[in-house]
Every structure is written in C-alpha cells, then in structure tokens.
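Undergrad: Have a look at this one.
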Amino acid sequence: MYNLSKMQKTVKKYMDSNRYEHTLGVMYTAASLAMRYEEDMENAQVAGLLHDCAKCMPDSKKLKICKKAGIEITPTEEKNPYLLHGKVGAYLAAEKYGIEDEDILNAITWHTTGHGGMSRLEKIIYIADYIEPHRNKTPNLSDVRTLSFQELDLALFKILSDTLAYLRKSERSTDPMTVEAYEYYKKVMLSQ
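Final position of the sequence shown in my numbering is 192; the numbers increase by one with none missing.
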C-alpha cells in the first residue's frame, strides 16, 4: 500500500545522517514490535519512518507551519518549539506523504510525549523511538529493551517514568502531556 523505498529517499533529504540512522532504527524496531504484538507491520514501518520527519526543521518554521495550519500550540510548546516536531511531523505525513490513516498520524503526533489511552501502534512508536539500536545513553536501556518485547504497557510505563526522572534532574521543560501519560499508565499498572 505504501512505497517505503520512495518515502525513505524523500525523508533522507531532510535529515542529517545521525537523525536518518535513528529514523531507520525506529522503523525497524517498530516493525519488530509490530510482529511481536500483532500490529500492522507496514503501518508501524511508515509511522517509524516518518516520526521525526520534522525534527531537523528550524523551530521558527515549525511555529510558522502550526500557525498556518491551525495546529494548537500549548504554552510549553510555545516556549520550547522543538517539542512541536511530532505535531508538525503528522501534518507533513498527511500533506507531503499522503498518509490518511489516523492511527499512523496519531503515532507520529504523540511519539515524544505519549498520552493516556494510547493505541497499540502509538505505544509501539513511542517505545521504538526510545529503544532503537542507535540509542545508548539512557538508563536501564537493556532492561527496557527486553521488557518491550515482553509487556508493552509495563515497558511504556517504565520509559515514561525514566523520562520524567531525567527531565526533572536536567531541569528541562516537561510537557504536561508526558505527566498525564505517566499518571494514566501508573493507574493501569496499579489496576493489574
């Protein structure tokens, strides 16, 4: 249904080499997780390939696209426009790459912050972005990689928890949606 090869060539033009290698890692990791959790593998590959398609774009251009397209910008995103790359990426996936599948577009939108009640594909892209083979600086990565192929929700919760701990420690801005996602999955974990 999708021409992944053509998409790869286009995506590569808009990324530096490190971001492109990361993107391929996310695409292949997402495909592996999709196989494991019986999710549509092609949708996982497309979402993985396009998840950072706006990442290398200047922040001023991200803001301009959001304003022109009527994409909501939160106060946190206004102060930290780099956080907009998920929303802008979903917009580009639809406009430039012709993606109409809402689950793919949502997976791209929420791959950085997560949110409560994520679809299986959204979880897969969020996790794949964190565990792909080129990542090597995050704590507990080996354990999280193993866990990701055993229990999707628990891996998601662990990543959210580790991400919030890192953001607090580094005094970087925390998107409220990440906190909401953490609280949501904390309740899910406690109810099991």
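C-beta: ideal position from N, C-alpha, C; glycine also.
So, under 8 angstroms CB-CB, MET189 and LEU154 are touching, yes? Tell me the CB distance rounded to an integer number of Å.
TA: Taking the sequence shown and counting its residues from 1, one reaches residue 189 at position 189. Taking the sequence shown and counting its residues from 1, one reaches residue 154 at position 154. The Cβ separation is near 7 angstroms, so the contact holds.
Undergrad: Put GLU38 into one of helix, strand or coil per three-state DSSP.
TA: Translated into positions along the sequence shown, residue 38 becomes position 38. Here GLU38 sits in coil by DSSP.
Undergrad: Specify, as a first and last residue, the run of the alpha helix (DSSP H) that GLN8 falls within.
TA: On the sequence shown, residue 8 is found 8 positions in, with the first residue counted as 1. Per DSSP, GLN8 belongs to the alpha helix (DSSP H) from 4-13.
Undergrad: Taking the alpha carbon of LEU147 as the reference point, which residue from TYR130, LYS12 and GLN8 has its own alpha carbon closest?
TA: Along the sequence shown, one-based indexing puts residue 147 at 147. For the residues TYR130, LYS12 and GLN8, the minimum Cα distance to LEU147 belongs to TYR130.
Undergrad: In whole angstroms, what separates the C-alpha of PRO58 from that of MET41?
TA: Here the question's residue 58 lines up with position 58 in the sequence shown. Here the question's residue 41 lines up with position 41 in the sequence shown. About 31 angstroms.
Undergrad: Run through the region 60-141 for me and flag every whole alpha helix (DSSP H) of 4 or more residues, listed as ranges in chain order.
TA: Correct list: 75-79, 85-95, 102-109 and 120-131.
Undergrad: Quick check on this structure: which residue in TYR28, LYS68 and GLU77 has the alpha carbon closest to the alpha carbon of HIS51?
TA: As a working note, residue 51 is residue 51 in the sequence shown. If we check each option's Cα against that of HIS51, TYR28 comes out closest.
Undergrad: Using a threshold of 8 angstroms, state whether the C-beta atoms of ALA31 and ALA44 are closer than that.
TA: Along the sequence shown, one-based indexing puts residue 31 at 31. Along the sequence shown, one-based indexing puts residue 44 at 44. Yes. Within cutoff.
Undergrad: Can you tell me whether GLY86 is buried or exposed, with buried defined as 16 or more other CB within 10 angstroms of its CB?
TA: As a working mapping, residue 86 is identified with position 86 in the sequence shown. The residue is buried, with at least 16 neighbouring Cβ atoms inside 10 Å.
Undergrad: Could you tell me the distance, in whole angstroms, from the CA atom of LYS12 to the CA atom of TYR20?
TA: If you number the sequence shown from 1, residue 12 lands on position 12. If you number the sequence shown from 1, residue 20 lands on position 20. Answer to the nearest angstrom: the Cα atoms are 6 angstroms apart.
Undergrad: Is DSSP giving SER170 helix, strand or coil here?
TA: By 1-based counting over the sequence shown, the position of residue 170 is 170. Note: SER170 maps to helix in three-state DSSP.
Undergrad: Run through DSSP, which three-state label would PHE149 get?
TA: Locating residue 149 in the sequence shown gives position 149, where the first residue counts as 1. PHE149: coil per DSSP, three-state reduction.
Undergrad: Using a threshold of 8 angstroms, state whether the C-beta atoms of ALA34 and ILE124 are closer than that.
TA: The residue you call residue 34 lines up with position 34 of the sequence shown. The residue you call residue 124 lines up with position 124 of the sequence shown. Contact flag set, yes.
Undergrad: Specify the secondary structure class of HIS22 as computed by DSSP and reduced to three states.
TA: Indexing the sequence shown from 1 puts residue 22 at position 22. Three-state result, HIS22: helix.
Undergrad: Using CA coordinates, which residue listed in VAL144, TYR185 and CYS66 is at the minimum distance from PHE196?
TA: In the structure displayed, the chain extends from 1 to 192; residue 196 sits before or after that span and is not available.
Undergrad: Is PRO139 closer than 8 angstroms to ASP162 when the C-beta atoms are compared?
TA: Within the sequence shown, residue 162 is the residue found at index 162, counting from 1. Within the sequence shown, residue 139 is the residue found at index 139, counting from 1. Contact: yes.
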